[in-house]
Amino acid sequence: MLKVAIIGAGAISKAHIEGYLHFTERCTIVVVCDIYEDKAQEHIDQFQLNARAIKDYKELLQEEIDLVSICTPPYTHATLTTEFLEAGSHVMVEKPMASSLEECDLMNDTAKRTGKILSVVAQNRFKTPMMKLKAVLDSGLMGKIVHVQVDSFWWRGHCYYDLWWRGTWEKEGGGPTLNHAVHHLDTLLWMMGSPTEIQAFMSNVSHDNAEVEDLSIAMLRYEEGSLGQVTSSVVHHGEEQQLIFQGAKARVSTPWKVKASNALANGFPETNHELEVQLQALYDMLPEVVYEGHTGQIDNVLTAIETGALVLIDGISGRKTLELITAIYKSSSTGELVKLPLTKEDLFYTRSGVQANATHFYEKKTSIENFASQTITTGSTYK
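Here it is in structure tokens:
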């Protein structure tokens with residue numbers, strides 16, 4: 000029976016707890032830790048856990064904890080991850096992986112040296128529509144991918160950034176490009192690989208209590224000439240999120256939609272019904288995932304611990320996503336066309352470099368410890 004510790008008792012930690020409770024024959028939550036110990040106890044009471052609440056995570060470093068879920072603000076991820084890896088625990092850390100590429104490298108180096116698993120949360124990969132879309136793209140039926148459109152549309156009210164750690168480059172590390180679009184950028188990289196060049200713009204149009212952006216647009220160029228566009232936002236009503244891939248022969252997307260065209264004699268399109276039917280049949284025959292979202296990723300990590308198999312999302316994947324996000328911030332802040340990969344000499348490689356060089360839109364003047372409501376939205380089901 001694997002012993003699990005939850006570090007951080009904010010809203011997202013509930014998704015972790017619910018996930019672990021699907022596998023009570025394989026693991027048990029023994030500790031919930033939060034700097035506000037009463038929040039940790041509330042989770043224990045709500046989920047009727049046979050666990051203890053603590054305030055200081057360092058109490059656990061001398062205990063035999065098999066797996067740690069880190070659900071704290073981004074600026075804490077590197078320290079917590081490396082300390083628990085050094086203590087002999089496997090780690091599943093919430094997105095984004097860290098506040099800087101330097102921290103990602105430290106985390107990955109520590110995981111490699113200790114031989115422990117490091118998995119970065121990217122729960123969208125464990126959703127049936129995403130798994131099916133990935134398989135359709137890999138089939139090659141669409142031909143070469145020539146364009147991808149990523150809409151990471153969310154909406155957050157002005158008070159969202161009143162929480163003490165949000166809205167600052169130091170503690171949150173960025174705005175929706177980092178903390179919301181990270182889901183879709185991870186999926187994009189998983190499905191299509193890394194671009195070579197990025198040109199981006201960002202703004203803060205609705206949240207004058209935050210240093211960071213609330214809206215960004217990035218244009219991507221791939222080595223073979225394909226183009227992409229990514230919009231990251233917390234100012235879009237309706238919270239619609241989608242990925243659209245245009246291939247040489249057809250278009251597919253999540254939420255699922257398929258369109259295929261042939262050329263008439265004059266070059267105008269007519270529907271390629273045969274290819275549409277073929278793509279739809281492939282999509283329909285692909286299996287549903289057994290466990291979705293956080294539960295699916297937890298199952299993947301538990302299996303890796305039990306069998307020695309590789310996790311689907313490791314620290315290398317998490318770093319690649321942060322590298323793309325960092326490039327978007329660099330281009331938006333400097334006006335430069337940014338080329339990947341970023342080097343260790345780059346001004347945006349370190350957390351202090353990001354803080355010093357990223358555009359600061361407003362001064363954060365309002366800061367509260369906690370919200371009374373723990374209700375959150377976690378994105379589309381993509382169905």
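Each residue of the sequence shown is one higher than the last, beginning at 0 in numbering that gives the first Met the number 0.
All C-beta atoms in this analysis are idealised placements derived from N, C-alpha and C, irrespective of residue type, glycine included.
Range covered by the beta strand (DSSP E) that runs through Asn261:
256–262
Rounded to whole angstroms, how far is the Cβ of Leu136 from the Cβ of Met190, which I believe are closer than 8 Å?
5 Å
Going straight from the alpha carbon of Lys248 to that of Leu1, what length do you get?
48 Å
State the DSSP-derived secondary structure class of Thr391, mapped to helix, strand or coil.
As shown, the chain starts at 0 and ends at 382. That puts residue 391 outside it, with no answer to give.
Identify which residue in Pro95, Gln40, Leu60, Phe347 has its Cα closest to the Cα of Ala357.
Phe347
Under a three-way DSSP split, which group does Phe83 fall into?
helix
Pick out whichever of Thr27, Lys54, Tyr19 has its Cα sitting closest to the Cα of Gly7.
Lys54
Starting from Ser118, trace the alpha helix (DSSP H) in both directions and tell me its first and last residue.
Premise fails: Ser118 lies in the beta strand (DSSP E), 117–119, not in any alpha helix (DSSP H).
Contact belief for Ala182 with Gly378 at Cβ below 8 Å, rounded distance in angstroms:
For the sequence presented, residue 182 should be read as His rather than Ala. Contact flag correct, Cβ pair sits at about 6 Å.
Based on Cα-Cα distance, which residue from Leu140, Thr342, Ser232 lies nearest to Ser215?
Ser232
Taking 8 Å as the cut-off, does the region 198–212 touch the region 118–127 (at least 3 CB pairs, one atom from each stretch)?
no
Could you check the C-alpha separation between Asp44 and Val229 for me, to the nearest Å?
41 Å
Three CB pairs or more closer than 8 Å across the region 299–313 and the region 170–180
no
If I follow the unbroken alpha helix (DSSP H) through Thr176, where does it start and stop?
175–178
Same chain only: Cβ atoms within 6 Å of Gln148, ignoring 5 sequence neighbours per side
Gln228, Ile243
Give a yes or no on whether the C-beta atoms belonging to Leu339 and Pro194 are separated by under 8 Å.
yes
How many angstroms separate the CA atom of Lys329 from the CA atom of Glu223?
23 Å
Are Ala209 and Tyr361 close, meaning C-beta to C-beta below 8 Å?
yes
Using the C-alpha atoms, what's the distance from Lys343 back to Glu101?
8 Å
Could you name each continuous alpha helix (DSSP H) segment of 4 residues or more that falls completely within the region 71–155, going from the start of the chain to the end?
76–85, 100–113, 127–138
Where does Ser138 land, buried or exposed, given buried means 16+ other C-beta within 10 angstroms?
exposed
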